[in-house]
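Quick notes on the structure that follows.
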Amino acid sequence: MKKIVLFIAFASLAFGCICAGDILSGFTNSKTHIISTINSATSEIKGSLIPSINKNIEDIKRQNEELEKLLKAYMQEAEQKREILFYLEAINKL
């Protein structure tokens, strides 16, 4: 009877050892898939997204410079109109 119990115990351990290879293989396959997914995402970020973002930043800086020039021109025009209005009011009072 004890021999049967010992045999069953060792058989269950042997079955566990057989499964260990499958578990290790599954883990290795999962690890490889995860690493390749992360590497492809990283290369996509470095290859196209970062240069695209840098280009957009430069474009926005140029647009801001043009908008600043346009704003200065509008402010000068508004100042000239205020001066003309001031002189017209002064002439009107005379």
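The opening position of the sequence shown corresponds to residue 3 in our numbering, with each subsequent residue numbered one higher.
From the three backbone atoms N, C-alpha and C, an ideal C-beta is built for every residue, glycine too.
This one's a predicted model, so the numbers in the text were calculated from it and none came from an experiment.
Taking the alpha helix (DSSP H) that Ser54 falls in, what are its first and last residues? The sequence position of residue 54 within the sequence shown is 52, counting from 1. Its alpha helix (DSSP H) spans residues 52 to 95.
Measuring straight from C-alpha to C-alpha, what distance separates Ile86 and Gln78? As a working mapping, residue 86 is identified with position 84 in the sequence shown. As a working mapping, residue 78 is identified with position 76 in the sequence shown. Their backbone Cα atoms lie some 12 Å apart in a straight line.
From Lys95 to Tyr76, what distance separates their C-alpha atoms? On the sequence shown, residue 95 is found 93 positions in, with the first residue counted as 1. On the sequence shown, residue 76 is found 74 positions in, with the first residue counted as 1. So the two alpha carbons sit approximately 28 Å from each other.
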